[in-house]
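Those letters in the sequence shown? Residues -2 to -1, 1 to 130, by mature numbering (1 follows the signal peptide of the UniProt record, and there is no 0).
All C-beta atoms in this analysis are idealised placements derived from N, C-alpha and C, irrespective of residue type, glycine included.
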Amino acid sequence: GAAALLEAENAAISQGVVESNHPGYTGTGFVNYDNLIGSYVEWAVESSEARTVSLTLRYANGTAANRQMNVAGTVVDFPGTGAWTNWRTARLTVSLAAGTTPIRATATTANGGPNVDSLSVDEPGGVDWSTA
Ligand code: GCU
């Protein structure tokens, strides 16, 4: 099956809002994090078994400042993309449990997170992975 693509606008949001004023997002919009430490988006990622997966966060950051976030325990860089309409990806590897694993992306700087479009989940090595 296809890789799982989980839209940020459908995830749990704390201190952020869904917006659609900067084109290029997938789905119906993106999450604009409030500009403070601790704002987050949390996805419920399902897996039939324990496994290691590659996560891809699609984001835009129209400022020059790196808007680092803690993603499932790892600090990930989200450097500027040149404009709020330029969407790029950041990747990391995580371990999923069997069942549901909450994957939270929390802003660690006073600027808040970047604008976040989606989280996709793939097995490393190019093997397609599905939540089905
Ligand atoms: C601008 C931009 C927002 C962005 C915000 C920010 O207001 O339009 O989409 O989230 O800057 O700095 O976080």
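| query | result |
| --- | --- |
| What do you get for Ser37, buried or exposed, if any count of 16 or more other CB atoms within 10 angstroms of its CB means buried? | buried |
| Starting from Tyr38, follow its DSSP beta bridges and name the residues at the other end. | Ser12 and Thr104 |
| Round the Cβ separation of Val39 and Val29 to the nearest angstrom and send it over; I've been treating them as touching at under 8 Å. | 5 Å |
| Between Thr104 and Met67, is the Cβ-Cβ spacing less than 8 Å? | yes |
| To the nearest angstrom, report how far apart Thr61 and Thr107 are at their CA atoms. | 13 Å |
| Using the Cα positions of Ser46 and Asn109, report the straight-line distance between them to the nearest angstrom. | 37 Å |
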